[in-house]
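If you count by UniProt numbering, then the sequence shown holds residues 1 to 117, one letter each, in order.
By construction, the Cβ of each residue, glycine as well, lies at the ideal position given by its N, Cα and C atoms.
As the structure is a computational prediction, the values presented were derived from the model and not from experiment.
Contents: one structure, followed by commentary.
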Amino acid sequence: MLRAYISENVEQGFIRPSSSSTGAPILFVKKKDGGLFLCVEYHKLNSFTRKNRYPVPPMNQLVTIFNGSTIFSKIDVRGAYNLLRTKEGDENLTAFRPKYGSYEYLVIPFGLTNPPV
């Protein structure tokens with residue numbers, strides 16, 4: 001499973017081999033459907049990141065904001081996430097170390113606080 005994930009993501013241009021001296025550990029989390037989801041443990045990196053807070057307004061403010069609007073849209077955030085490229089030069093910050101070497105994301109991975117875009 002891990003080899004398939006790495007192979008598929010290298011092929012799609014989402015990750016590449018890394019020469020970073022550090023790397024986050026990885027683990028698999030079981031999904032509701034029984035499958036596995038790869039998680040990169042970015043807690044240590046996130047502890048150094050300044051957190052921007054953009055709270056969702058209360059419902060009464062949202063109603064006022066959208067009053068009179070007739071067209072609404074939604075986006076597939078999960079699918080669109082792989083379209084956001086990591087800021088050039090900051091790819092090494094996203095490095096992770098499976099047992100098959102070291103890799104870094106070229107797109108924004110899930111789990112980062114205020115990712116470098």
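Distance, residue j Cα to residue i Cα
| i | j | result |
| --- | --- | --- |
| Glu91 | Gly68 | 43 Å |
| Leu27 | Glu41 | 8 Å |
| Gly13 | Pro55 | 33 Å |
| Ser21 | Gln61 | 47 Å |
| Arg16 | Thr64 | 46 Å |
| Asn82 | Ser73 | 20 Å |
| Asp33 | Gly89 | 37 Å |
| Tyr84 | Ile108 | Per the sequence presented here, residue 84 reads as Leu, with Tyr not at that position. The alpha-carbon atoms of Leu84 and Ile108 are separated by roughly 6 Å. |
| Phe110 | Ser7 | 18 Å |
Per DSSP, cross-strand counterpart(s) of residue i
| i | result |
| --- | --- |
| Val107 | Arg85 |
| Ile15 | Tyr105 |
| Val40 | Ile26 |
| Phe96 | Ala24, Tyr103 |
Residue i vs residue j beta-carbon contact at 8 Å
| i | j | result |
| --- | --- | --- |
| Arg50 | Asn114 | yes |
| Leu112 | Asn46 | yes |
| Ser18 | Tyr103 | yes |
| Pro98 | Leu36 | no |
Cβ contact check for the segment 57-68 and the segment 92-103: 3 or more pairs under 8 Å = no
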